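J.: Encoded as structure tokens, here's the structure I'll be asking about.
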Amino acid sequence: MTSTRRARKGERRPAAHLPIARVYVDVPLAHLDRPFDYQVPEQLDADAVPGCRVRVRFAGQLVDGYLVQRVSDTDHVGRLAFLERVTSPEPVLTPELAELARGVADRYAGCMVDVLRLAIPPRHAKVEAEDVAEPTGAPPPPEHTGWHRYPRGTAFMEALAAERHARAVWQAAPDEDWPARLAAAAAVTAAAGRGTVLVVPDHRDVDRLHAACTALLGADRVVALSADLGPAKRYRRWLAVRRGIAKVVVGTRAAMFAPVAEPGLFVVWDDGDDLHAEPRAPYPHVRDVLVQRAHQTGTALLVAGFARTAEAQLLVESGWAHAIAASRDTVRTAAPRVTAIGESDAQLARDEAARSARLPSVAFDVARRALRDGAPVLVQVPRRGYVPALACGDCRSPARCRRCAGPLALPGRHRDGEHRPATCRWCGHGEPSFRCPECGSRRIRAVVVGAGRTAEELGRAFAGATVRTSGRDEVLSSVPGSPALVVATPGAEPVAEGGYGAALLLDGWALLGRADLRAGEETLRRWMTAAALVRPAGDGGRVVVIAESALVPVQALVRWDPAWHAEQELAGRTELGFPPAVRMATVDGVPSAVAALLDELEVPEGGEVLGPVPLGELDGEGNADRERALVRVARPQGRALAGALSAAVARRTARKEPDSVRVRLDPLEIV
DNA sequence: GCAATGAGCGTC
DNA sequence: ACGCTCATTGCT
Numbered sequence: 155m156t157s158t159r160r161a162r163k164g165e166r167r168p169a170a171h172l173p174i175a176r177v178y179v180d181v182p183l184a185h186l187d188r189p190f191d192y193q194v195p196e197q198l199d200a201d202a203v204p205g206c207r208v209r210v211r212f213a214g215q216l217v218d219g220y221l222v223q224r225v226s227d228t229d230h231v232g233r234l235a236f237l238e239r240v241t242s243p244e245p246v247l248t249p250e251l252a253e254l255a256r257g258v259a260d261r262y263a264g265c266m267v268d269v270l271r272l273a274i275p276p277r278h279a280k281v282e283a284e285d286v287a288e289p290t291g292a293p294p295p296p297e298h299t300g301w302h303r304y305p306r307g308t309a310f311m312e313a314l315a316a317e318r319h320a321r322a323v324w325q326a327a328p329d330e331d332w333p334a335r336l337a338a339a340a341a342v343t344a345a346a347g348r349g350t351v352l353v354v355p356d357h358r359d360v361d362r363l364h365a366a367c368t369a370l371l372g373a374d375r376v377v378a379l380s381a382d383l384g385p386a387k388r389y390r391r392w393l394a395v396r397r398g399i400a401k402v403v404v405g406t407r408a409a410m411f412a413p414v415a416e417p418g419l420f421v422v423w424d425d426g427d428d429l430h431a432e433p434r435a436p437y438p439h440v441r442d443v444l445v446q447r448a449h450q451t452g453t454a455l456l457v458a459g460f461a462r463t464a465e466a467q468l469l470v471e472s473g474w475a476h477a478i479a480a481s482r483d484t485v486r487t488a489a490p491r492v493t494a495i496g497e498s499d500a501q502l503a504r505d506e507a508a509r510s511a512r513l514p515s516v517a518f519d520v521a522r523r524a525l526r527d528g529a530p531v532l533v534q535v536p537r538r539g540y541v542p543a544l545a546c547g548d549c550r551s552p553a554r555c556r557r558c559a560g561p562l563a564l565p566g567r568h569r570d571g572e573h574r575p576a577t578c579r580w581c582g583h584g585e586p587s588f589r590c591p592e593c594g595s596r597r598i599r600a601v602v603v604g605a606g607r608t609a610e611e612l613g614r615a616f617a618g619a620t621v622r623t624s625g626r627d628e629v630l631s632s633v634p635g636s637p638a639l640v641v642a643t644p645g646a647e648p649v650a651e652g653g654y655g656a657a658l659l660l661d662g663w664a665l666l667g668r669a670d671l672r673a674g675e676e677t678l679r680r681w682m683t684a685a686a687l688v689r690p691a692g693d694g695g696r697v698v699v700i701a702e703s704a705l706v707p708v709q710a711l712v713r714w715d716p717a718w719h720a721e722q723e724l725a726g727r728t729e730l731g732f733p734p735a736v737r738m739a740t741v742d743g744v745p746s747a748v749a750a751l752l753d754e755l756e757v758p759e760g761g762e763v764l765g766p767v768p769l770g771e772l773d774g775e776g777n778a779d780r781e782r783a784l785v786r787v788a789r790p791q792g793r794a795l796a797g798a799l800s801a802a803v804a805r806r807t808a809r810k811e812p813d814s815v816r817v818r819l820d821p822l823e824i825v
């Protein structure tokens, strides 16, 4: 009778061994960001393995959760509920991933389940049930790694082979086939029986690097993970990684969490690309996550790119990572010849051809010569809408530069808040008093101009040349090695077969004029990424950059010296008290909520609060809908700051305060 | 003095 | 969104 009553009421008995499950419930509230204890009913004993997905009753609701641990005792004084069910016995939350997610949540003042949402793809039951091939043995090491051209390159490869956790910041030589180099590093790691995670900015880079890796390692050892895969494919590949079948992972952002078995190497390529910053809470950055992961697991790390960020420079200067860079001689022979043309360069004004052509004469000549030699020419232009171009306010004809006839545009508000005059997008000449040559009007209006329009204009300047465009709407991954003008926005530059004969970098003033902490660094990064697609100077490769040659990023490009630029950049930021020399957090929200949070916040020793300042448009009385405050501390107080912020947020969420605040640590955009 | 009722809070 | 605690209320 007792047994029937129990069965009817669904009464359950706890498992005999380790009857308590510690569960992270999928409720993204700061004050609930800790494990809760549940009893494991004996029917679920076998399936309730550490790392599996479960469903539990939490505050009267059925919610998803992750079982992180089975234990024998609980600290909880009240009655424990039972696990409702085990969603799947697949242990998706590996111990390493659990530790990493906890660390990332703590680092960014976020909560663990938010990190897990980024790290673990949604379940796909059919995929989970599929049979998978047995893991393959270690492949032989590659015969040539191509790392010997770098003074510390060979040592780094040896460290990977010996499973030492070497850490390096690598600036690829300007002619480098970087996918081949990274694939070689992954192959060396794989030969030692270890896994590699390689994170690149976008899908095109995934394709290139994946191809390079499979060429060395075979298709069954390498998986490509990117956000645009369908749910089934995504989960299938992710599971192949988790189950230890694929030991080399190539992917975008989310792949930074890929739970590769026995990791031996983590790589982030082009760490300055803002695609490496996750836009969802808690806003982790690939470089920082991989640094943390390398530290936590004793794995080798490579922070790589043509350019070098201030953050990477800090890793070098603090002694945490070695710098791997080619010698000056190697760089000189590998780089294209770079010419800077600034507004003050007399050459432009005197040159007769500069007026009749639509480009500065040097740029025109360089492009024409490359086309005549049968090579494609890359033209880098600002993104559509990035800068509004100008037209006559009356007759609508495009407003043109009186010196080179290039299109005029407004550079936007400068760092000092002052409006600057209309500026030529090609030669950078400022035009304070516009007068339309067609109708004589002095009125001027803004129009949206992007790569398409620039392509049209260039097509006319180089009559008869093929013009291809690559940008937001349609991104080309490669172009043939035949004469053509390839107009591309930053980040969308196609690779050219045999390399470009020349590149014209026309967006310098637009990039450098931005009131952004990272304007200089970002400009150099984009320039170098484009210029690296051009043939070496010895093969006729030329780059023309329309920018003042005295500027630090321009000098760094001309000399191809990204390390020097990063030193300058970090020194400058140290002086100003900007990241990464300090740790910063932004707090956004409606004014009352920001004020309440700051009131609640225990700012760590030596820290300071800046603002709050209005965010976005102001109303009639000068009040903003939203405000932003900055909190700044010395680097050693970074953990304390994150802790203080999450504690303050937790007190707010526990009180069910209606207005939420957004907290971000080390955001890319500060102004 | 104490049961009945409801608001608020924590959430196992 | 449940169920517990605790304060308030109303009656003996």
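Numbering (this note's numbering), first residue to last: 155 to 825.
Glycine included, every Cβ here is placed at the ideal spot set by N, Cα and C.
It should be emphasised that the depicted structure is a prediction, and the values quoted were computed from it without experimental measurement.
Expressed to the nearest angstrom, what Euclidean distance is found between the alpha-carbon atoms of Pro204 and Glu196?
T.: Their backbone Cα atoms lie some 15 angstroms apart in a straight line.
J.: Report the CB separation of Ala616 from Arg727 in whole angstroms; it is logged as a contact under 8 angstroms.
T.: Strictly speaking, residue 616 in this sequence is Phe, with Ala absent from that position. Going by Cβ atoms, the distance from Phe616 to Arg727 rounds to 41 angstroms, so no, they are not a contact pair.
J.: For Val286, count the other beta carbons within 10 Å of its own beta carbon; 16 or more makes it buried, fewer makes it exposed. Which is it?
T.: exposed
J.: Can you list, in chain order, the residues of its chain with a C-beta nearer than 6 angstroms to that of Phe236? Leave out the 5 residues immediately preceding and following it.
T.: Arg166, Gln193, Pro195
J.: At which residue ranges does the stretch 680-749 contain complete beta strand (DSSP E) runs of 3 or more residues, listed in the order of the chain?
T.: Fully enclosed beta strand (DSSP E) runs of 3 or longer: 696-699, 736-743.
J.: Can you give me the C-alpha to C-alpha distance between Arg596 and Phe588, rounded to a whole angstrom?
T.: 6 angstroms
J.: For Glu238, which residues of its own chain have a beta-carbon under 8 angstroms away from its beta-carbon, when the five flanking residues on both sides are left out?
T.: Around Glu238: Val208, Arg209, Val210, Arg211, Leu216.
J.: Could you tell me the boundaries of the beta strand (DSSP E) in which Glu238 lies?
T.: 237-242
J.: Under three-state DSSP, which class holds His185?
T.: helix
J.: Kindly indicate which three-state DSSP category Val445 falls into: helix, strand or coil?
T.: helix
J.: Indicate the three-state DSSP secondary structure (helix, strand or coil) for Trp474 in the structure shown.
T.: Coil, per DSSP.
J.: Give the straight-line distance between the Cα atoms of Val414 and Gly635, rounded to the nearest whole angstrom.
T.: 38 angstroms
J.: Below 9 angstroms between beta carbons: does that hold for Thr308 and Ala339?
T.: no
J.: Starting from Thr577, trace the beta strand (DSSP E) both ways and give me its first and last residue.
T.: First-last of the beta strand (DSSP E) with Thr577: 576-578.
J.: Between which two residues does the beta strand (DSSP E) carrying Asp361 extend?
T.: Counting along the chain, Asp361 falls outside any beta strand (DSSP E), though it belongs to the alpha helix (DSSP H) covering 357-371.
J.: Spatial neighbours of Arg786 within its chain, please: C-beta separation below 6 angstroms, excluding the five flanking residues on both sides.
T.: Val736, Met738, Glu762
J.: I'd like the list of long-range same chain contacts for Ile174, defined as Cβ closer than 6 angstroms, with 5 residues on each side in sequence excluded.
T.: Asp191, Val225, Thr228
J.: Going by beta-carbon coordinates alone, are Pro530 and Val640 separated by less than 9 angstroms?
T.: yes
J.: Go through its chain and collect everything with a Cβ distance to Leu822's Cβ below 6 angstroms, but skip five positions before and after it.
T.: Asp428, Ala431
J.: Could you check where the beta strand (DSSP E) with Asp191 kicks off and where it finishes?
T.: 190-193
J.: For my contact list, Arg447 and Thr453 are in at a C-beta cut-off of 8 angstroms; report their separation, rounded to the angstrom.
T.: Yes, Arg447 and Thr453 are in contact; Cβ-Cβ is about 7 angstroms, under 8 angstroms.
J.: Count the other C-beta atoms from every protein chain shown that fall within 10 angstroms of the C-beta of Leu370, then say buried if there are 16 or more, exposed otherwise.
T.: buried
J.: Roughly how far, in whole angstroms, is the beta-carbon of Val342 from the beta-carbon of Pro296, given that I think they are within contact range, below 8 angstroms?
T.: Contact between Val342 and Pro296 holds, since their C-beta atoms are separated by about 7 angstroms, short of 8 angstroms.
J.: Please state the DSSP three-state secondary structure of Val342.
T.: Helix.
J.: Mind listing, in chain order, the continuous beta strand (DSSP E) runs of no fewer than 3 residues lying wholly within the stretch 195-277?
T.: Qualifying beta strand (DSSP E) stretches, in chain order: 207-212, 215-225, 237-242.
J.: What does the alpha-carbon distance come out to for the pair Lys163 and Thr451?
T.: Residue confidence is low: Lys163 scores 46 on pLDDT, short of 50, so the model does not pin down where it sits. Its coordinate-derived value is still stated next. The straight-line gap from Cα to Cα measures roughly 47 angstroms.
J.: Ends of the alpha helix (DSSP H) at Leu314?
T.: Unbroken alpha helix (DSSP H) run through Leu314: 307-315.
J.: So, at 7 angstroms on beta carbons, what are the nonlocal neighbours of Val360 in its own chain, with the 5 sequence-adjacent residues on each side left out?
T.: Val354, Ala378, Ser380, Val404, Gly405, Thr406
J.: Report the partner residues of Pro768 according to the DSSP bridge assignment.
T.: Beta-bridge pairing links Pro768 to Glu781.
J.: Restricting to Cα atoms, I'd like to know which of Pro644, Ala202, Val281, Glu611 is closest to Ala386.
T.: In this structure, Val281 is the residue among Pro644, Ala202, Val281, Glu611 with its C-alpha nearest to the C-alpha of Ala386.
J.: Mind the definition here: the stretch 695-713 touches the stretch 487-496 only if three or more C-beta pairs lie below 8 angstroms; say whether that holds.
T.: yes
J.: Quick one: Cα of Val520 to Cα of Arg306, how far?
T.: 36 angstroms
J.: In chain order, what residues of the same chain have a beta carbon less than 6 angstroms from the beta carbon of Ala808, not counting five sequence neighbours either side?
T.: His185
J.: Kindly give me the distance between the Cβ atoms of Leu525 and Pro637, rounded to whole angstroms, as I take these residues to be in contact under 8 angstroms.
T.: Their Cβ separation, rounded to whole angstroms, is 4 angstroms, which keeps Leu525 and Pro637 in contact under 8 angstroms.
J.: How about Val177 and Val222: are their beta carbons less than 9 angstroms apart?
T.: yes
J.: Give the straight-line distance between the Cα atoms of Thr623 and Leu564, rounded to the nearest whole angstrom.
T.: Cα to Cα, Thr623 sits roughly 23 angstroms from Leu564.
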